[in-house]
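Okay, structure first, notes after.
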Amino acid sequence: MILRSLDEVKGTSRDVETPNWVSRRLLLRSDGMGFSLHETTVYPGTETYIWYANHLEAVYCVEGEGEVETIPDKKIYPIRPGVVYALDQNDKHYLRARTKMRLVCVFNPPLTGREVHDENGVYPLVTDEAAAARAS
Ligand code: 9YT
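Note that the working numbering has the sequence shown beginning at 17, numbered continuously upward.
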């Protein structure tokens, strides 16, 4: 069994910060669960363009308020505590935080750890083949 606390993750390589958010990766690909699980804090007043072209992500809001706008249909989804949104269509979207938001995020396939959005809002896909090539 794996037991891990947020305090253990803070300040390690599993703690990834950008100008708009900080993500603590509690479970990663190397943990072998088939998904990754993160606590993400999104900073108030920020807007982040995101496109998980290679991943499905579900996001459960535990604190704060904001919205997701899907692209290109411009549909606005208000986000508040107790609400989950699932990007089941690899939806391109904007994430806007009105207040500080604390989100629990699950990724399938799992993230490996250090991913931040590239210029297209995308995280790279790490396959077994790519990971083996990188290790060799
Ligand atoms: C909600 C969202 O996707 N925020 C960006 C960070 C991401 N959750 C992550 O890498 O943990």
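Ideal placement from N, C-alpha and C gives every residue a C-beta, glycine not left out.
- Residue pairing by DSSP puts residue 41 in a beta bridge opposite 54.
- At least one heavy atom of the ligand 9YT sits closer than 7 Å to the Cβ of residue 58.
- In this structure, residue 81 and residue 95 form a Cβ contact; the two beta carbons are roughly 7 Å apart against a cut-off of 8 Å.
- Assigned with DSSP and collapsed to three states, residue 24 falls in helix.
- Checking the DSSP bridge columns, you'll see residue 17 has no partner listed.
- Nearest C-alpha to residue 87 among 111, 41, 28, 99: 111.
- Distance from the CA atom of residue 39 to the CA atom of residue 32, rounded to whole angstroms, is 5 Å.
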